[in-house]
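J.:
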Amino acid sequence: MAVSRPLAASSVSVRELTTLAEIRAAQRLRYTVWKSEGAVIHNQETETIADYHDEHASHWGVFDGSTIVAAARLCLHANLNDAPDGSMFAQADVALPVASMNRLVVLKTHRGLGIGGRLDLVRIQRAKEWNARTVIIAPAYTPARRQSLERLGFDFLEGVTGHAVWSPSVTICACYLILGSTWDLHE
Numbered sequence: 001m002a003v004s005r006p007l008a009a010s011s012v013s014v015r016e017l018t019t020l021a022e023i024r025a026a027q028r029l030r031y032t033v034w035k036s037e038g039a040v041i042h043n044q045e046t047e048t049i050a051d052y053h054d055e056h057a058s059h060w061g062v063f064d065g066s067t068i069v070a071a072a073r074l075c076l077h078a079n080l081n082d083a084p085d086g087s088m089f090a091q092a093d094v095a096l097p098v099a100s101m102n103r104l105v106v107l108k109t110h111r112g113l114g115i116g117g118r119l120d121l122v123r124i125q126r127a128k129e130w131n132a133r134t135v136i137i138a139p140a141y142t143p144a145r146r147q148s149l150e151r152l153g154f155d156f157l158e159g160v161t162g163h164a165v166w167s168p169s170v171t172i173c174a175c176y177l178i179l180g181s182t183w184d185l186h187e
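Numbering follows this note's numbering, with no gaps: position 106 of the sequence shown is 106.
#1: Between H77 and the rest of its own chain, which residues show a CB-CB distance below 6 angstroms, the 5 nearest in sequence each way excluded?
#2: Taking the Cβ atom as the reference point for each residue, do L119 and A174 lie within a distance shorter than 8 angstroms?
#3: On the criterion of 16 or more Cβ atoms from any shown chain inside 10 Å, does Y31 qualify as buried, or is it exposed?
#4: Near G180, what residues of its chain come up, given a Cβ to Cβ distance below 8 angstroms and the 5 sequence neighbours on each side ignored?
#5: Determine whether the beta carbon atoms of V40 and S169 lie at a separation below 8 angstroms.
#6: Can you tell me whether DSSP reads A25 as helix, strand or coil?
#7: DSSP state of A174, grouped into three classes?
#8: Tell me whether P176 is buried or exposed, calling it buried when 16 or more other Cβ atoms sit within 10 Å of its Cβ.
#9: Using only alpha-carbon positions, find the residue among W130, K128 and F156 that is nearest to Y195.
#10: Quick one: is P139 buried, meaning 16 or more other Cβ sit within 10 Å of its Cβ, or exposed?
#11: How many angstroms separate the CA atom of E187 from the CA atom of E37?
#12: What does DSSP give as the partner residue(s) for W60 in the beta ladder?
#13: Give the secondary structure of S148 by DSSP, where H, G and I count as helix, E and B as strand, and everything else as coil.
#14: Tell me whether T48 is buried or exposed, calling it buried when 16 or more other Cβ atoms sit within 10 Å of its Cβ.
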């Protein structure tokens, strides 16, 4: 049965995922979204996209009723090399500690409603609460994603690309945001 497109972003709710069952649902959603995009996914037998960062990260989900339609996570690191895709930022002036925004997925039926942007703002706010000095992100590259991150004040490292660790077919890029008084202007 097809899910109908909601009329507005206000019909969905964002909340932090705190139980193992909720986090597993987010891991399954990652797989579902990327599989539907045609990505080649390592370890398909689990039908999840998960790694050890899930254990120490904060996770959020967006729900349309009781159905999870989007998810994202954030983790904090004292060492850049410990962060997901941290090696991509070796040439950047990244102040520590660093918060890593990653694993954003939104079902196709719920795209274009600002859900990804809402999850970005929630994660940046948490990074500030954690006293992170820089937020890094290595998103799958699309012009729309680049524009949304630039509106939030992220700088892109031109020419720095790679592939998602969970898929050789997904190209990622590197961008970062220095937290402080400059970012407050974007709120």
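Cβ atoms here follow ideal geometry from the backbone N, Cα and C, with glycine treated the same way.
T.: Inspection of the coordinates gives the following:
#1: Along the sequence shown, read from residue 1 onward, the residue named residue 77 stands at position 77. The residues are A83 and V98.
#2: Sequence index remark: in the sequence shown, residue 119 carries index 119 (1-based). Sequence index remark: in the sequence shown, residue 174 carries index 174 (1-based). No, these two residues do not count as a Cβ contact at 8 angstroms.
#3: For the purposes of this step, residue 31 is taken as residue 31 along the sequence shown, with counting starting at 1. Residue burial is scored here from C-beta neighbours: Y31 has at least 16 other C-beta atoms within 10 angstroms and is therefore classed as buried.
#4: Numbered from 1 along the sequence shown, position 180 holds the residue referred to as residue 180. So the qualifying residues of the chain are R133.
#5: Here residue 40 corresponds to residue number 40 of the sequence shown, with the count starting at 1. Here residue 169 corresponds to residue number 169 of the sequence shown, with the count starting at 1. A contact, by the Cβ cut-off of 8 angstroms.
#6: Within the sequence shown, numbered from 1, the residue matching residue 25 stands at position 25. A25: helix per DSSP, three-state reduction.
#7: For this step, residue 174 is matched to residue 174 along the sequence shown. In this structure, A174 counts as strand in the three-state DSSP scheme.
#8: For the purposes of this step, residue 176 is identified with residue 176 of the sequence shown, where counting begins at 1. Reading the sequence as shown, one finds Tyr at residue 176 and not Pro. Buried.
#9: This structure leaves residue 195 out entirely; the chain is present only between 1 and 187.
#10: Working through the sequence shown from its first residue, we reach residue 139 at position 139. Counting of Cβ neighbours within 10 angstroms places P139 among the buried residues, the total reaching 16 or more.
#11: Taking the sequence shown and counting its residues from 1, the one referred to as residue 187 is at position 187. Taking the sequence shown and counting its residues from 1, the one referred to as residue 37 is at position 37. Residue placement at E187 is flagged as unreliable, the pLDDT there being 49, under the threshold of 50; the coordinate-derived value follows with that caveat. Distance from the CA atom of E187 to the CA atom of E37, rounded to whole angstroms, is 31 angstroms.
#12: Mapped onto the sequence shown, residue 60 falls at position 60. For W60, which the question treats as bridged, DSSP gives the partners E16 and A72.
#13: As a working mapping, residue 148 is identified with position 148 in the sequence shown. Of the three classes helix, strand and coil, the one that applies to S148 here is helix, per DSSP.
#14: The sequence position of residue 48 within the sequence shown is 48, counting from 1. With 16 or more other Cβ atoms within 10 Å, it is buried.
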